[in-house]
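Here the structure comes first, spelled out in structure tokens, and everything after it is commentary.
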Amino acid sequence: MKQHPLSRALVLAFGLFSAPPLSVAEGLPDLGEAAQTEFSPAMERRIGESVMLEIRRDPAWLDDPEVNSYLGRLGNRLSSQSEEQRQEFEFFALRDSTLNAFAMPGGYIGVHTGLILAAASESELASVLAHEISHVTQRHLARLINKSGQGQVTSLLALAVAILAARSNPDVAVGAAMAGQGAAIQNQLNYTRDFEREADRVGLGLLERSGFDIRGMSGFFERLQKFGRLYENNAPGYLRTHPLTTERLSDMGNRIQGRPYKQVADSLEFQLVRAKLRAQEGTPRDAVTEFETRLRDRSFAGSEAAMRYGLAQARMREGNAAAAERELSELRRLKAVSPMVETFAAQLRVKQGDAPGAVNILRAAHLRFPQERAVTYGLVESLLEARSPSDAIKVTEDDLLSYPSDAKMHGLQARTYALLGKRLQQHRAQAEAYALLGQVPAAVEQLELAQKSGDGNFYEQSQVDARLREMKKRMADEAKQAKQK
Ligand SMILES: [Zn+2]
């Protein structure tokens with residue numbers, strides 16, 4: 002039988018949590034006796050993290066810092082309005098055309114690209130995030146498990162795995178069977194009616210306090226229901242895990258009734274993210290035609306700039322750099338200010354063999370938007386493309402002072418050291434990238450290569466030795482815990 006990639010996460014996390022005594026397990030805070038019967042947010046976070054390790058390797062994982070940081074900003078704008086301020090969140094996108102979004106233990110919230118594209122306004126997308134955030138802050142997953150009285154950690158993890166398995170696959174049983182929990186999981190997967198109502202109520206508050214149009218919530222859910230009728234037994238995944246009842250809709254209607262109408266414009270970023278995702282759908286030709294048609298017929302909501310940006314992206318995808326440049330000039334003429342326009346302009350330069358041109362664009366953008374991860378990544382990449390690794394090293398070093406846990410930046414630094422021929426530093430940086438992604442054996446392997454490189458000074462060598470000892474210990478601890486299971 003082919004092993005489902007998630008079953009690894011299951012084994013991994015069982016390993017993490019089954020080693021007695023729980024409180025001394027590496028990295029786990031001392032949770033005391035209560036932890037055995039009640040979930041702590043820290044435990045939920047660990048479970049979420051172990052599942053995320055696998056999600057990041059899933060082919061559907063959208064490794065796009067622009068889309069993910071947009072979702073992060075939107076999500077944080079909503080969650081900052083929550084009374085529960087200790088909860089951390091991470092928002093990410095999965096390339097999947099089905100309409101779905103889901104919350105996992107620990108505040109990890111996934112959104113399908115299909116749902117982002119189906120939202121008619123930013124308030125609608127925000128309403129789905131607000132609902133999911135509320136499932137997390139109200140600790141619904143943990144409460145479901147506590148109610149069921151089953152093995153605690155096992156159940157929560159199995160539930161997280163089942164959520165993922167059911168993400169776009171109607172056959173929820175796959176997840177349940179894999180988790181060895183039988184039908185119980187399937188029942189748990191559906192939030193209860195009370196939890197749904199609570200998530201709607203709390204989510205609506207977040208939506209309102211964040212300045213969105215609260216009608217976005219009922220609007221989107223009504224549309225989902227319509228989709229549901231259209232598909233009959235094959236309702237959108239979202240409705241399977243968040244059952245929508247007439248009662249829920251009328252509850253929402255009651256809360257919204259009498260509130261003043263509020264017109265909220267979609268942000269340019271929302272429009273650009275959607276245009277970028279749309280430009281990647283279907284064949285490049287289809288995407289070009291769609292944007293051209295909409296621009297010609299002026300059949301689009303929001304800004305023309307976003308349509309031009311989408312057309313430019315589709316043109317680049319099609320391999321027509323000249324046409325993409327023409328759209329880019331139009332975009333500039335429309336005065337669309339966004340780091341996304343700059344990273345695109347730089348990519349287009351690189352595609353045309355002008356890496357120094359890309360560096361210039363991104364140097365300016367980096368000063369203007371210093372916190373945009375995509376801009377900094379792009380700057381390092383274009384410096385590498387332009388064969389300026391010594392400049393690239395400076396950018397990575399400065400950046401890692403502010404973002405020491407950025408695995409992607411450590412990986413870029415490893416590539417830069419490779420170009421400079423510094424092998425010890427290359428493998429050491431790559432080891433940090435793996436360690437941050439939880440891939441400890443790969444980190445150990447890199448540190449061993451660093452040891453053997455023979456091109457570091459005494460100080461660097463001893464740093465590698467010390468780090469290797471730490472990583473080997475972490476690997477041994479994890480292996481021991483997995484065995485005890
Ligand atoms: Zn729900």
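2 is the number of the first residue of the sequence shown in my numbering; add one for each residue after it.
Even for Gly, the Cβ is constructed at its ideal location relative to N, Cα and C.
Where does Phe292 land, buried or exposed, given buried means 16+ other C-beta within 10 angstroms? Here residue 292 is taken as the residue at index 291 of the sequence shown, counted from 1. Flag for Phe292 reads buried.
I'd like to confirm something about His1: is its beta-carbon nearer than 6 Å to some heavy atom of ligand 1, or not? Only positions 2 to 486 of the chain appear in the structure, and residue 1 is not among them; the question remains open.
By alpha-carbon positions, which one of Gly76, Thr242, Arg78 and Ser403 ends up nearest to His141? Position 140 of the sequence shown, counted from the start, is the residue given in the question as residue 141. Among Gly76, Thr242, Arg78 and Ser403, the Cα nearest to that of His141 belongs to Thr242.
Thinking C-beta only, is Ala94 closer than 7 Å to Ser135? By one-based count along the sequence shown, residue 135 stands at place 134. By one-based count along the sequence shown, residue 94 stands at place 93. It is not a contact, given that the beta carbons lie outside the stated cut-off.
Cβ distance (whole Å) where Ala121 is taken to contact Leu100 below 8 Å: Your numbering for residue 121 matches position 120 in the sequence shown. Your numbering for residue 100 matches position 99 in the sequence shown. In fact, because the Cβ distance is near 12 Å, the residues do not count as touching under 8 Å.
Mind checking Gly111: buried by the 16 CB within 10 Å criterion, or exposed? Taking the sequence shown and counting its residues from 1, one reaches residue 111 at position 110. Burial call: buried.
Within 10 Å of its beta-carbon, does Arg299 have 16 or more other beta-carbons around it, so buried, or fewer, so exposed? As a working mapping, residue 299 is identified with position 298 in the sequence shown. By the neighbour-count rule (16 or more Cβ atoms within 10 Å), Arg299 is not buried but exposed.
Are at least three pairs of beta-carbons, each pair with one atom in the region 401 to 417 and one in the region 429 to 440, less than 8 Å apart? yes
Sorry if obvious, but does the Cβ on Glu197 come closer than 6 Å to a heavy atom of ligand 1? Your numbering for residue 197 matches position 196 in the sequence shown. Under cutoff, so the answer is yes.
Quick check: is any heavy atom of ligand 1 less than 6 Å from the C-beta of Ala161? The residue labelled residue 161 in the question sits at position 160 within the sequence shown. Checking every heavy atom of ligand 1 against the Cβ of Ala161, none is found closer than 6 Å.
Out of Asp59, Ala127 and Arg87, point me to the one whose CA is closest to Asp97's CA. Against the sequence shown, residue 97 aligns to sequence position 96. It is Asp59.
Measure the C-alpha to C-alpha separation of Gln281 and Ala315 and round it to an integer number of angstroms. On the sequence shown, residue 281 is found 280 positions in, with the first residue counted as 1. On the sequence shown, residue 315 is found 314 positions in, with the first residue counted as 1. C-alpha separation (whole angstroms): 7 Å.
Is it right to say Ala104 is buried, meaning 16 or more other beta carbons lie within 10 angstroms of its own, or is it exposed? Counting from 1 along the sequence shown, the entry for residue 104 is found at position 103. Buried, because 16 or more other Cβ atoms sit within 10 Å of the Cβ of Ala104.
Classify Asp466 as buried or exposed, calling it buried when 16 or more other Cβ atoms lie within 10 Å of its own Cβ. In the sequence shown, counting from the first residue as 1, residue 466 sits at position 465. With fewer than 16 Cβ atoms within 10 Å of its Cβ, Asp466 is classed as exposed.
Judging by CA-CA distance, which residue of Lys453, Ser463, Gln447 and Gln440 is the nearest neighbour of Ala480? By one-based count along the sequence shown, residue 480 stands at place 479. For the residues Lys453, Ser463, Gln447 and Gln440, the minimum Cα distance to Ala480 belongs to Gln440.
How should Leu469 be labelled, buried or exposed, when 16 other C-beta atoms within 10 angstroms of its C-beta is the threshold for buried? Residue mapping note: residue 469 aligns to position 468 of the sequence shown, counting from 1. Leu469 comes out buried.
Is the Cβ-Cβ distance between Pro66 and Arg374 less than 7 Å? Within the sequence shown, the letter at position 65 stands for residue 66. Within the sequence shown, the letter at position 373 stands for residue 374. Yes, they are a contact pair.
Kindly list the residues whose CB is nearer than 7 Å to the CB of Gly181, restricted to its own chain and excluding five residues on each side of it in sequence; keep chain order. In the sequence shown, counting from the first residue as 1, residue 181 sits at position 180. Residue placement at Gly181 is poorly supported in this model, since its pLDDT is 45, which falls under 50; the coordinates still yield a value, given next. Around Gly181: no qualifying Cβ.
Along the chain, where does the alpha helix (DSSP H) containing Phe271 start, and where does it finish? Here residue 271 refers to the residue found at position 270 of the sequence shown. Taken as a continuous stretch (DSSP letters only), the alpha helix (DSSP H) holding Phe271 covers Leu269 to Ala280.
Three-state secondary structure assigned by DSSP to His136: For this step, residue 136 is matched to residue 135 along the sequence shown. DSSP places His136 in helix when its eight states are reduced to three.
What residue from Leu384, Lys395, Gln264 and Gly311 has the CA that sits closest to Arg275's CA? What you label residue 275 is simply residue 274 of the sequence shown in a count that begins at 1. That would be Gly311, whose Cα lies nearest to the Cα of Arg275.
Enumerate in chain order the residues of its own chain whose CB-to-CB distance from Pro285 is below 7 Å, with the five nearest sequence positions on each side excluded. Translated into positions along the sequence shown, residue 285 becomes position 284. Same-chain partners within the cutoff: Ala315, Arg318 and Glu319.
Judging by CA-CA distance, which residue of Gly457, Leu437 and Arg429 is the nearest neighbour of Glu449? Your numbering for residue 449 matches position 448 in the sequence shown. Residue Arg429 is the option with its Cα nearest to Glu449.
Can you tell which of Gly358, Pro106, Gly220 and Ile394 has its C-alpha closest to the C-alpha of Arg46? As a first step, residue 46 must be located in the sequence shown, where it is residue number 45. If we check each option's Cα against that of Arg46, Pro106 comes out closest.
Buried or exposed (CB count within 10 angstroms, at least 16 for buried), Glu89: The residue given as residue 89 occupies position 88 in the sequence shown. Residue environment analysis places Glu89 among the exposed positions, since fewer than 16 neighbouring C-beta atoms fall within 10 angstroms of its C-beta.
Any idea which residues DSSP pairs Phe292 with across the strands? Stepping through the sequence shown from its first residue, residue 292 is reached at position 291. DSSP lists no partner for Phe292.
Could you pull the start and end residues of the alpha helix (DSSP H) that Val376 belongs to? Locating residue 376 in the sequence shown gives position 375, where the first residue counts as 1. From DSSP, the alpha helix (DSSP H) with Val376 extends over Arg374 to Glu386.
In or out: Tyr71 buried (at least 16 other Cβ within 10 Å) or exposed? Walking along the sequence shown from the start, residue 71 turns up at place 70. It is buried - the Cβ of Tyr71 has at least 16 other Cβ atoms within 10 Å.
In terms of residue numbering, what span does the beta strand (DSSP E) encompassing Ala120 cover? Residue 120 sits at position 119 when you count from the first residue of the sequence shown. First-last for Ala120: undefined, no H or E at that position.
Compute the Euclidean distance between the alpha carbons of Glu123 and Gln353, then round it to the nearest angstrom. As a position in the sequence shown, residue 123 is number 122, starting the count at 1. As a position in the sequence shown, residue 353 is number 352, starting the count at 1. Their Cα atoms are separated by approximately 34 Å.
Could you tell me which of Val137, Leu329 and Glu305 sits nearest to Ser83, measuring between CA atoms? Numbered from 1 along the sequence shown, position 82 holds the residue referred to as residue 83. Cα-wise, what sits closest to Ser83 is Val137.
Assign Leu349 to one of two classes, buried (16 or more other C-beta atoms within 10 Å of its C-beta) or exposed (fewer than that). On the sequence shown, residue 349 is found 348 positions in, with the first residue counted as 1. Leu349 should be labelled buried.
Spatial neighbours of Ala419 within its chain, please: C-beta separation below 6 Å, excluding the five flanking residues on both sides. As a first step, residue 419 is located in the sequence shown; it is residue number 418 there, counting from the start. These residues qualify, in order along the chain: Gln427.
Quick test of your reading: Thr1 and Leu385, contact by CB under 8 Å. State the CB separation rounded to the nearest angstrom. Outside the shown range of the chain (2 to 486) lies residue 1, about which nothing can therefore be said.
Give the range of the beta strand (DSSP E) segment to which Ile110 is assigned. Within the sequence shown, residue 110 is the residue found at index 109, counting from 1. Start and end: Tyr109 to His113.
In whole angstroms, what separates the C-alpha of Gln226 from that of Pro244? Against the sequence shown, residue 226 aligns to sequence position 225. Against the sequence shown, residue 244 aligns to sequence position 243. The straight-line gap from Cα to Cα measures roughly 10 Å.
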